[in-house]
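The block underneath contains the structure these notes are about, expressed in structure tokens.
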């Protein structure tokens with residue numbers, strides 16, 4: 255295909271399946287359950303993208319940023335490694351282990367680095383660690399053609415590829431990782447993606463987002479968020495949603511609940527009916543972050559250290575169910591994806607449009 | 517109330533002045549703080565130092581005394597009250613003022629009294645003790661400007677004065693030797709003309725301890741708009 | 029010598045239908061009709077084609093048509109060009125026109141197509157599902173601050189509009205008391221704002237203050253503390269799209285009665301607003317005026333700065349955004365006017381579409397777009413223009429001409445004559461009374477209500493249910509027949525891409 259149609263050059267709308275669960279008691283589960291769950295919704299994907307993120311998977315390196323990289327070739331790998339070496343203390347690097355399967359082909363070079371910002375560089379930059387790491391990731395993704403940071407949080411990691419999600423999970427040997435929370439995604443893009451970066455989850459620091467639906471506010475959101483140091487290299491909805499969360503929560507200091515009141519703001523009619531204090535807060539958030547309201551259909555699971563957040567668009571144009579069994583909370587596009595791994599549930603329900611679901615370890 | 521303003525931000529200082537219940541307020545250590553007495557009414561403020569731009573803008577009443585100089589746009593769109601400046605003023609003094617009086621002991625910069633207008637009982641006045649820069653009284657539509665030239669300069673006003681003047685009066689002590697627009701007539705001020713500004717000259721002398729007799733020792737030139745509308749034949753309907 | 033050739037229109041009077049009632053003579057303020065000794069004399073050259081006589085004639089006996097006896101003209105020398113030379117040669121005068129630039133230069137709105145959803149995401153039914161057009165104007169990039177209990181401190185409320193359309197500045201003096209009454213009442217009922225223009229605010233209209241934007245122009249007419257405090261916001265007029273770099277001049281003969289009182293100048297005194305504010309010669313001086321207005325109103329009123337769209341508008345807007353202004357108003361070269369030199373109106377400035385796109389892009393590139401809101405005007409003709417303007421980056425739009433047409437203007441383009449037969453651009457009490465305020469309010473509300481429905485329909489088609497998600501959403505637009513430079517400036521792709 256002509257390169258002008260590659261992902262990142264054009265905007266590719268896509269439909270999808272999402273699933274995730276979190277053990278609120280902190281118990282670890284290997285990756286087989288989440289693969290089983292997302293595989294149930296096979297028909298919501300079309301083999302053009304699948305991915306996962308697990309939290310708590312690198313306990314031995316939990317204080318280091320785990321940078322997951324795709325490389326087109328060894329040349330660019332060398333260049334990026336020089337860059338990393340210049341900015342970070344790299345305490346471990348390796349290929350991410352994979353299990354070859356005929357269903358996953360054309361893989362790039364896939365590498366993993368556990369790093370800490372070099373104290374001198376960090377001091378020189380006058381940034382905090384998170385901002386330093388995120389800026390380095392943007393540098394690589396924007397300026398180093400053929401290299402892509404697809405995960406850079408602490409004690410978490412994303413694994414994604416072009417293919418059906420169950421094959422992607424198999425390929426990355428997720429059964430060998432143990433996490434207290436997992437999220438997964440099966441993709442149905444309406445165009446061939448250029449390469450693996452376009453698959454979900456989409457990550458920045460410890461935020462990982464999987465998402466279903468095509469948002470109609472995309473360009474309004476993109477042009478707004480790009481003012482604040484983000485660069486939407488891939489032109490996908492998921493990417494922009496991830497950045498919005500990062501901006502509102504990490505940079506502006508909103509709570510996750512408040513951030514959701516921006517992204518899926520209540521309707522004015524609802525705001526007008528609220529009690530005075532609550533109305534003022536809701537109105538304020540909607541007014542000052544009006545460029546970050548997301549419209550059009552979406553269901554999103556946001557993974558972060560110690561928690562999962564799920565939210566639908568305010569009209570609830572996509573399906574999403576939430577369930578609980580013991581100390582585990584499940585979220586998926588379809589009920590069947592939960593039942594297949596937890597046939598008997600304590601509770602199952604569909605959150606309302608714009609309703610925030612938060613499940614956290616220890617709560 | 518007495519305020520020591522050194523290093524204070526304009527907005528903060530003005531908030532203190534605005535919320536102060538005292539009528540008489542003394543502000544010391546002023547240096548460049550803007551909009552002092554902006555929109556105020558009924559206060560008597562004395563400021564020591566160099567007062568910043570826009571002093572007394574939109575002022576409605578009361579008195580602002582400056583023991584020092586004022587910068588640009590003092591008395592901008594002023595509506596009432598009195599401003600006394602014991603030193604000099606920057607540019608655009610009394611821009612578009614409709615009422616109130618401004619007394620300046622020394623010189624004013626360019627474009628003083630531009631667009632002054634009068635309305636009903638509002639008759640704005642600017643009295644300048646020294647000299648005035650160019651474009652004095654441009655678009656003058658009403659009110660009175662007097663330039664007293666107490667330093668006895670050869671010509672106390674700059675070029676291009678009274679351009680577009682279509683109302684009001686400008687008094688200049690001594691001769692006006694710069695060219696004037698055709699729409700303006702200059703004449704020797706007669707006794708009855710001088711009577712019209714006598715109260716203001718008295719006020720000036722009282723405020724700055726000037727010698728009234730010396731002021732009247734020389735004749736004044738009076739500038740007024742010529743009759744008729746100069747713009748009548750400028751346009752054709754299209 | 030060229031009176032007959034100069035006449036733009038000729039009047040056809042059907043003798044069969046005419047009943048000699050004389051209504052046309054009484055209705056025409058231009059003195060076109062005269063009856064002497066039982067005979068009708070018709071002065072074609074005085075006719076401006078305002079359609080008043082045609083509308084009022086009880087038997088439909090009148091028609092106004094373009095003068096067939098025109099100078100010849102050709103592809104280069106238009107009839108209009110020839111007639112203008114006749115006029116100037118005879119009078120030595122500067123050509124003076126009203127309403128916006130009528131030339132056939134490109135109107136980019138007409139070359140932009142709007143998107144709709146198909147399959148990959150749903151359209152939304154605007155009649156039965158929520159569809160939001162409420163907008164807040166004002167700065168948005170506040171630091172998040174919390175009180176001791178952790179609640180967000182929600183200062184600085186901004187200006188709330190139920191529909192992203194405001195009525196643009198038209199002064200009392202350039203338009204009539206009744207026309208102002210229509211704008212004020214309609215704005216109040218629609219949950220939006222009208223603008224006083226630079227002629228002050230009539231005492232009778234202070235009660236509509238919450239729906240009023242008060243304007244401060246270089247002449248400062250009617251500007252005093254009560255006036256500044258009367259409105260919901262203050263607009264500094266730096267320029268106007270119809271005549272960038274040119275000031276205003278309401279001749280003394282129009283400064284009568286209430287007009288003089290409202291402007292706070294004596295009757296008969298010329299009201300001159302030079303192009304520059306003589307206290308603003310540079311961008312830092314603008315900051316000073318913004319600050320002084322805020323100081324005078326205790327930082328409670330948002331301040332707008334209105335500028336004409338000129339070549340360097342992006343850099344100018346960037347300067348304004350950093351001057352403490354809350355809203356920037358961009359007025360395009362098609363913007364209307366009550367009087368402007370024809371050559372200025374038709375040749376100076378740039379189209380609003382390009383100016384708006386350029387400014388929005390520039391402010392975003394500099395990361396300061398959230399510091400201000402953008403209003404685009406000149407000329408917004410229908411709801412599709414509104415949608416396109418917002419998708420290019422505007423928060424809201426100003427309409428002037430469209431509002432006047434809604435209240436009965438027939439676009440005869442002679443506002444400067446002061447003889448408006450429809451009671452809008454006139455101060456003649458007999459003519460003013462022809463504008464029925466109640467009917468005008470009804471019609472203006474009708475127009476905006478209709479546009480609102482249409483905007484909602486278009487938003488729904490795109491799958492967008494809140495107007496802020498449309499703002500700057502340029503992926504929703506495609507160009508038609510534009511070159512790549514134009515597309516680049518507009519920040520949109522060509523149709524088919």
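Chains as they are written, first to last, in this note's numbering: chain A, 255 to 617; chain B, 517 to 754; chain C, 29 to 525. Ideal Cβ positions, reconstructed from N, Cα and C, are used throughout, including at glycine. Quantities reported herein were computed from a predicted structural model and do not represent experimental measurements.
Please determine, among the options, the residue with the shortest C-alpha to C-alpha distance to residue i.
i                      : options                    : result
residue 674 of chain B : B:709, B:695, B:713, B:645 : B:695
residue 197 of chain C : C:387, C:394, C:156, C:265 : C:265
residue 722 of chain B : B:606, B:528, B:645        : B:645
residue 397 of chain C : A:407, A:364, A:544        : A:544
residue 519 of chain A : A:567, A:414, A:365        : A:567
residue 183 of chain C : C:500, C:328, C:415, C:409 : C:328
residue 406 of chain C : C:384, C:395, C:393, C:421 : C:384
residue 626 of chain A : A:392, A:398, A:572, A:417 : There is no way to answer for residue 626 of chain A, as the model of chain A reaches only from 255 to 617.
residue 202 of chain C : C:314, C:244, C:454, C:330 : C:454
residue 618 of chain B : B:608, B:625, B:601, B:526 : B:601
residue 476 of chain C : C:448, C:427, C:178        : C:427
Which residues mark the beginning and the end of the beta strand (DSSP E) in which residue i is found?
i                      : result
residue 740 of chain B : 736-741
residue 323 of chain A : 319-325
residue 540 of chain B : 540-547
residue 312 of chain A : Residue 312 of chain A -> no beta strand (DSSP E), and no H or E assigned at all.
residue 642 of chain B : 641-644
residue 193 of chain C : 193-195
residue 533 of chain A : No beta strand (DSSP E) contains residue 533 of chain A, which is instead part of the alpha helix (DSSP H) from 530-542.
Looking at the unbroken alpha helix (DSSP H) that takes in residue i, where does it start and where does it end?
i                      : result
residue 709 of chain B : 707-724
residue 202 of chain C : Run containing residue 202 of chain C: none; DSSP gives neither H nor E here.
residue 373 of chain A : 373-379
residue 475 of chain A : 472-479
residue 457 of chain A : Note, residue 457 of chain A: premise wrong, no alpha helix (DSSP H); beta strand (DSSP E) at 456-458.
residue 566 of chain A : First-last for residue 566 of chain A: 561-566, but that is the beta strand (DSSP E), not the alpha helix (DSSP H).
residue 528 of chain B : 526-535
residue 417 of chain C : 411-420
residue 730 of chain B : 728-732
Do residue i and residue j have their C-beta atoms within less than 8 Å of each other?
i                      : j                      : result
residue 310 of chain C : residue 275 of chain C : no
residue 374 of chain C : residue 129 of chain C : yes
residue 391 of chain C : residue 136 of chain C : no
residue 554 of chain B : residue 323 of chain C : yes
residue 367 of chain C : residue 124 of chain C : yes
residue 42 of chain C  : residue 89 of chain C  : yes
residue 127 of chain C : residue 377 of chain C : no
residue 602 of chain A : residue 555 of chain A : no
residue 224 of chain C : residue 210 of chain C : no
residue 419 of chain C : residue 387 of chain C : no
According to DSSP, which residues form a beta bridge with residue i?
i                      : result
residue 497 of chain A : Beta-bridge pairing links residue 497 of chain A to no other residue.
residue 521 of chain C : C:506
residue 359 of chain C : C:336, C:405
residue 562 of chain B : B:542, B:581
residue 465 of chain A : A:554
residue 494 of chain C : C:160
residue 552 of chain B : Paired residue(s): none; residue 552 of chain B is not in a bridge.
residue 70 of chain C  : C:61
residue 662 of chain B : B:643, B:687
residue 575 of chain A : A:586
Give me the chain F residues within the contact set of residue i, using Cβ-Cβ distance strictly less than 7 Å, ordered along the chain.
i                      : result
residue 630 of chain B : Going by chain labels, chain F is absent from the structure shown, which instead holds the protein chains A, B and C.
My parser needs the beta strand (DSSP E) runs of 3 or more residues fully inside the segment 677-705 of chain B; what are they? 683-689, 700-704
May I have a chain-ordered list of the beta strand (DSSP E) segments no shorter than 3 residues that lie completely inside the segment 93-145 of chain C? 122-125, 140-142
Going residue by residue through the segment 336-422 of chain A, where are the continuous alpha helix (DSSP H) segments of at least 4 residues, counting only ones entirely within it? 373-379, 383-397
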